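See below for the structure under consideration.
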Amino acid sequence: MIPLLLALLLLCSCGVKAPPTPRDMLVPDAPKGTTLKVREGKLYLEWRPPEENVDGSRPAELVGFQVLRRRGCPTCPGEFEVVGEVPFSPQRREYLWLEEDPLQEGETYIYRVRGVNKWGYAGPPSEDLVIPWIPPAPPPEGLRGEGGDRMTKLHWDGAPRAEAYHVYRRPALGPYPLDPIATVRTTAFTDRGVENGRTFCYQVRSVVFAAEVPIEGGGSEEVCITPEDLTPPPPPKGLVAFRRGREVELDWFPVEAEAVRGYHVWRGRCGEGMSRITKSPVQETLYTDVLPGRGCWRYAVSAVDASPKGNESPPSEAVEVRY
């Protein structure tokens, strides 16, 4: 009896461990956000890694990814083959794979991506990505552009077979991104909201569609544009003049609608045109002038904005001084 009680106590004092998960069950979930892109005639696959395994445990047991491909219609039977392998890195949140094999015109290609754990077992694949391959359209020609106030305008000549166009933009010292800033079906594009005084370079690429997948061809010649502020500030208001002998003191309200570099003063005889008498913009909102002679004189003031171009407003309402 005593040996039996001891055996029961020993059994109750020991924790019962769950059986280990088989290695072929601890596999990563399917990759997320898998997309297919064609850039300059080259096919890419892009995806994000899964965060958990198929059983819901975290983190995902990942050592790499496999890219699979087959030919034929999506509903027809066929075997996928592994055509690419990409190692996993915990620091990477997006992955990109380039198809290096030449694609045949008229063939339909089906791609999928799956994760692999450290024991070599693969998880479920992503959704199938289907593309009927057709040759890209030739690049557009005659790209030209002009800068405006916080915008650039592009125009180009249409390319044969092109159904749309991808517009790319890069800073003067940077590369083009993988994705375009716009897809347009015309041969013109206005890029709004760009920073004045910075140079931006543009390229346009022709697009044809295959089963709603945009197949992008080669790029046009590049054009670089520097947008600039072309809008003058409003004219100053409240101009008054005080004469003391031959001296005339002018005062006016500052322009507050935008930053200004300064002001120019204009003078002329009554009934005649006025000319600018300041060589460079004055910073203050007052100015003292010496009358060049007797008679009736008119004064006005204009504002110059702080843009590199130095846009100047129309003259203010004129005031008259008699001497």
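Using numbering that gives the first Met the number 0, you'd call the opening residue of the sequence shown number 0 and step up by one each time.
All residues carry an ideal CB built from backbone N, CA and C; glycine is no exception.
Here the structure is a predicted model, which means the values were calculated and not measured.
Inset, instruction - Find out if the Cβ-Cβ distance for the pair Cys-200, Glu-227 is shorter than 8 Å. - result: No, the Cβ-Cβ distance between Cys-200 and Glu-227 is not below 8 Å.
Inset, instruction - State the start and end residues of the unbroken beta strand (DSSP E) segment that holds Gly-270. - result: In the DSSP annotation of this structure, Gly-270 is not part of any beta strand (DSSP E), being labelled neither H nor E.
Inset, instruction - Express the C-alpha separation of Val-85 and Tyr-120 in angstroms, rounding to a whole number. - result: Those two C-alpha atoms are separated by around 15 Å.
Inset, instruction - Under the assumption that Ala-29 contacts Ser-125 (Cβ atoms under 8 Å), give the Cβ distance between them as a whole number of angstroms. - result: Contact check for Ala-29 and Ser-125: beta-carbon distance about 5 Å, within the 8 Å limit, so the pair qualifies.
Legend entry - Distance between Pro-307 and Ser-279 (C-alpha atoms, nearest Å): In a straight line, the C-alpha of Ser-279 is about 14 Å away from that of Pro-307.
Legend entry - Residue interval of the beta strand (DSSP E) (run including Glu-208): According to the sequence provided, residue 208 is Phe. The question's Glu does not apply to it. Counting along the chain, the unbroken beta strand (DSSP E) around Phe-208 starts and ends at 199 to 209.
Legend entry - Proximity to Gly-210 [Cα-Cα], best of Trp-155, Ala-302 and Pro-73: For the sequence presented, residue 210 should be read as Ala rather than Gly. Closest option to Ala-210, Cα to Cα, is Pro-73.
Inset, instruction - Answer with buried or exposed for Trp-296, where buried requires no fewer than 16 other C-beta atoms within 10 angstroms of its C-beta. - result: With 16 or more Cβ atoms within 10 Å of its Cβ, Trp-296 is classed as buried.
Legend entry - Helix, strand or coil at Asp-228 according to DSSP, with G and I counted as helix: For Asp-228, the three-state secondary structure derived from DSSP is coil.
Inset, instruction - Please classify Phe-367: does DSSP put it in a helix, a strand, or coil? - result: As displayed, the chain neither begins before 0 nor continues past 322, which places residue 367 out of reach and without an answer.
Inset, instruction - Return helix, strand or coil for Trp-46, following the three-state DSSP convention. - result: Correct three-state label for Trp-46: strand.
Inset, instruction - Pick out whichever of Glu-145, Arg-160, Thr-198 and Gly-146 has its Cα sitting closest to the Cα of Arg-169. - result: Comparing alpha carbon positions, the residue from Glu-145, Arg-160, Thr-198 and Gly-146 closest to Arg-169 is Thr-198.
Legend entry - Neighbourhood of His-154 by C-beta distance below 6 Å, restricted to the same chain and skipping five residues each side: Contacts found: Arg-143 and Ala-187.
Legend entry - Own chain residues within Cβ distance below 7 Å of Pro-134, not counting five before or after: Glu-104, listed in sequence order.
Legend entry - Proximity of Gly-217 and Pro-101 at Cβ, strictly below 8 Å: Judged by beta-carbon spacing, Pro-101 lies beyond the 8 Å limit of Gly-217, meaning their Cβ atoms are not closer than that value.
Inset, instruction - Classify Tyr-298 as helix, strand or coil using the three-state DSSP reduction. - result: The answer is strand: DSSP assigns Tyr-298 an E or B state.
Legend entry - 8 Å Cβ cutoff met for Leu-285 and Glu-316: Not in contact: Leu-285 and Glu-316 (Cβ atoms no closer than 8 Å).
Legend entry - Stretch pair the stretch 46 to 58 + the stretch 89 to 100: three plus CB contacts closer than 8 Å: Contact holds: three or more Cβ-Cβ distances are below 8 Å.
Inset, instruction - Inspect the beta-carbon positions of Met-150 and Thr-189 and report whether they are closer than 8 Å. - result: Going by C-beta atoms, Met-150 is nearer than 8 Å to Thr-189.
Inset, instruction - State the beta-bridge partners of Thr-33 as determined by DSSP. - result: None; Thr-33 has no bridge partner.
Legend entry - In DSSP terms, what Trp-188 is bridged to: Checking the displayed sequence, the identity of residue 188 turns out to be Phe instead of Trp. Per the DSSP secondary-structure output, Phe-188 pairs in a beta bridge with Leu-153.
Inset, instruction - Tell me the start and end of each unbroken beta strand (DSSP E) in the stretch 117 to 177 that is at least 3 residues and wholly inside, in chain order. - result: Listed in chain order, they are 128 to 131, 140 to 147, 150 to 156 and 163 to 170.
Legend entry - Boundaries of the beta strand (DSSP E) in which Trp-96 is found, first to last residue: Segment 94 to 97, the beta strand (DSSP E) holding Trp-96.
Legend entry - Continuous beta strand (DSSP E) stretch holding Ile-214: start and end: According to the DSSP assignment, Ile-214 belongs to the beta strand (DSSP E) that extends over 212 to 218.
Legend entry - Simplified DSSP assignment, three categories, for Cys-11: Unreliable placement is indicated for Cys-11, whose pLDDT of 43 sits below 50; the coordinate value is still reported in the next sentence. Correct three-state label for Cys-11: helix.
Inset, instruction - Starting from Asn-52, follow its DSSP beta bridges and name the residues at the other end. - result: Beta-bridge pairing links Asn-52 to Pro-27.
Inset, instruction - Look up Cys-75 in the DSSP assignment and say whether it is helix, strand or coil. - result: Note: Cys-75 maps to coil in three-state DSSP.
Inset, instruction - Reducing DSSP to helix, strand and coil, say where Phe-241 ends up. - result: The answer is strand: DSSP assigns Phe-241 an E or B state.
Legend entry - Distance CB(Arg-245)-CB(Leu-172) smaller than 8 Å: For the 8 Å CB-CB criterion, Arg-245 and Leu-172 do not form a contact.
Inset, instruction - Go through its chain and collect everything with a Cβ distance to Phe-208's Cβ below 6 Å, but skip five positions before and after it. - result: Only Glu-162 meet the Cβ criterion.
Inset, instruction - Take the Cβ of Asp-304 as the centre, count every other Cβ of all protein chains shown within 10 Å, and call the residue buried at 16 or more, exposed below. - result: Buried, since its Cβ has 16 or more Cβ neighbours within 10 Å.
Legend entry - Proximal residues to Trp-96 (C-beta, below 7 Å), its chain only, five neighbours per side dropped: Tyr-43, Leu-44, Val-66, Gly-83 and Val-85.
Legend entry - Helix, strand or coil at Arg-293 [DSSP, three-state]: Arg-293 falls in the coil class under three-state DSSP.
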